[in-house]
Amino acid sequence: MAGRDYPVPGFHPFSITVKIEGQQRRFTVLQTLKGIGEEHYKIIARNKTLLFSTNKPIVQRRGLENFPWTWTLIEGELRNQRALEAITAALEMKLRNSL
7 MAGRDYPVPG FHPFSITVKI EGQQRRFTVL QTLKGIGEEH YKIIARNKTL LFSTNKPIVQ
67 RRGLENFPWT WTLIEGELRN QRALEAITAA LEMKLRNSL
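Going by my numbering, 55 is the number at position 49 of the sequence shown; the sequence numbering is gapless.
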């Protein structure tokens with residue numbers, strides 16, 4: 007995804023705290039793409055970077071406030087499914103609370 011590794015103008019990095027395997031971990035989050043149909047969020051840890059895509063704009067545009075967003079890991083690798091679910095849940099909670 008060359009060319010998309012930059013923060014969206016006017017959008018500041020934020021952090022999320024996720025409990026993974028009994029430990030609290032803090033990640034920095036950057037929004038790298040904001041479009042009509044999808045948004046991309048880059049999760050930055052000490053030794054790993056993950057890029058997620060979500061259908062949040064479509065869900066919001068249709069007025070479905072409580073409808074779950076779909077998250078897709080498009081770059082990076084996570085072998086632990088629970089960690090993946092915990093990260094997307096924390097990210098979605100942070101984004102929903104900031105609306």
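Every residue, glycine too, gets a C-beta built ideally from N, C-alpha and C.
Rounding to the nearest angstrom, what Cα-Cα distance links residue i and residue j in this structure?
i	j	result
M7	G82	Model confidence at M7 stands at a pLDDT of 45, short of 50, so the residue's coordinates are unreliable and nothing is read from them.
E71	L101	12 Å
P63	W77	12 Å
L97	E91	10 Å
F20	P74	22 Å
L84	A51	12 Å
Q29	K48	21 Å
L57	N103	21 Å
T60	N53	23 Å
H18	L36	7 Å
R31	G41	29 Å
T55	N86	15 Å
What are the boundary residues of the alpha helix (DSSP H) that residue i is part of?
i	result
K100	87–103
K40	K40 -> not in any alpha helix (DSSP H); beta strand (DSSP E) instead, spanning 29–40.
Restricting to Cα atoms, I'd like to know which of the options is closest to residue i.
i	options	result
E44	Q87, A95, R67	R67
I26	M99, T94, R88, A95	R88
Per DSSP, which residues does residue i bridge with? Please list them.
i	result
W46	For the sequence presented, residue 46 should be read as His rather than Trp. Beta-bridge pairing links H46 to L39, S59.
For the beta strand (DSSP E) that contains residue i, what are its first and last residues?
i	result
F20	20–26
E81	77–81
Any heavy atom of the ligand FMN closer than 7 Å to the beta-carbon of residue i?
i	result
I42	In terms of ligand content, the structure shown is empty, and the ligand FMN therefore cannot be addressed.
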